[in-house]
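Trainee: Structure provided below as structure tokens; questions to follow.
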Amino acid sequence: QVQLGESGGGLVQAGGSLRLSCAASGSTFSISAMGWYRQAPGKQRELVARIFSGGRTTYADSGKGRFTISRDNAKNTVYLQMNSLKPEDTAVYYCNADTSGHTPRTYWGQGTQVTVSS
284 QVQLGESGGG LVQAGGSLRL SCAASGSTFS ISAMGWYRQA PGKQRELVAR IFSGGRTTYA
344 DSGKGRFTIS RDNAKNTVYL QMNSLKPEDT AVYYCNADTS GHTPRTYWGQ GTQVTVSS
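For the sequence shown, our numbering gives the first residue as 284, with consecutive numbering after it.
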């Protein structure tokens, strides 16, 4: 089992920055990738960024050049630095972890609200 706890959401003006954190606990040794997804009202949940165990990262086009995903392995924490925020970035942001092994699973955090005002 893996537990995920997000923090760092809030209200920010357009052009501002926020950093989201996701701390993993439990069977963290089995995590093969972690990521951030978001879901705006009336829309489907979508990928924002992912980081794999080898350090490779991938981003959705919407965040390229503005968002940076990183991790601190010692703290089992993944971060999402969001710069130049836009009103369309407003959503609930969810942390995600995929585990490998005999029974791969996907875990989700409870979500953190990000609101960007114009």
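We treat Cβ as the ideally placed atom computed from N, Cα and C, and that holds for glycine.
Using 10 angstroms around the beta-carbon of ARG333, count the other beta-carbons present and answer buried if the total reaches 16, otherwise exposed.
Mentor: Locating residue 333 in the sequence shown gives position 50, where the first residue counts as 1. Under this definition ARG333 is a buried residue.
Trainee: Please go through the same chain and pick out, in chain order, the residues whose beta-carbon is closer than 7 angstroms to the beta-carbon of ALA366, but skip the five residues on each side of it.
Mentor: As a working mapping, residue 366 is identified with position 83 in the sequence shown. Sequence inspection shows Asn at residue 366; the Ala mentioned does not correspond to that position. Contacts found: SER300, ARG349.
Trainee: Use the C-beta contact count for GLY338: other C-beta atoms within 10 angstroms, 16 or more gives buried, fewer gives exposed.
Mentor: Here the question's residue 338 lines up with position 55 in the sequence shown. By the 10 Å Cβ count, GLY338 comes out exposed.
Trainee: Leaving out five residues before and five after ARG328 in sequence, what residues of the same chain have Cβ atoms less than 6 angstroms from its Cβ?
Mentor: Position 45 of the sequence shown, counted from the first residue, corresponds to residue 328. These residues qualify, in order along the chain: TYR320, GLN322.
Trainee: Just to confirm the assignment, what range does the beta strand (DSSP E) spanning GLU289 have?
Mentor: Start at 1 with the first residue of the sequence shown, and residue 289 comes out as number 6. Per DSSP, GLU289 belongs to the beta strand (DSSP E) from 285–290.
Trainee: For the pair the stretch 285–301 and the stretch 381–400, tell me if three or more CB-CB distances fall below 8 angstroms.
Mentor: As far as the Cβ criterion goes, the stretch 285–301 touches the stretch 381–400, which means the pair count is three or higher.
Trainee: Hey, is MET365's beta-carbon within less than 9 angstroms of any beta-carbon in chain B?
Mentor: In the displayed structure, chain B is absent; only one protein chain is listed.
Trainee: May I ask which residues mark the beginning and end of the beta strand (DSSP E) holding GLY348?
Mentor: Locating residue 348 in the sequence shown gives position 65, counting from the first residue. Unbroken run through GLY348: none, as it is neither H nor E.
Trainee: Span of the beta strand (DSSP E) holding ASN366?
Mentor: Here residue 366 corresponds to residue number 83 of the sequence shown, with the count starting at 1. Premise fails: ASN366 is in no beta strand (DSSP E) and is neither H nor E.
Trainee: Tell me whether ALA380 sits in a helix, a strand or coil according to DSSP, three-state version.
Mentor: One-based indexing of the sequence shown puts residue 380 at position 97. In the structure shown, ALA380 sits in a strand (DSSP, three-state: E or B).
Trainee: Relative to the C-alpha of ARG312, which candidate in PHE335, LYS369, ILE352 has its C-alpha closest?
Mentor: Indexing the sequence shown from 1 puts residue 312 at position 29. As written in the sequence, residue 312 is Phe, which differs from the Arg given in the question. Ranking PHE335, LYS369, ILE352 by Cα distance to PHE312 puts PHE335 first.
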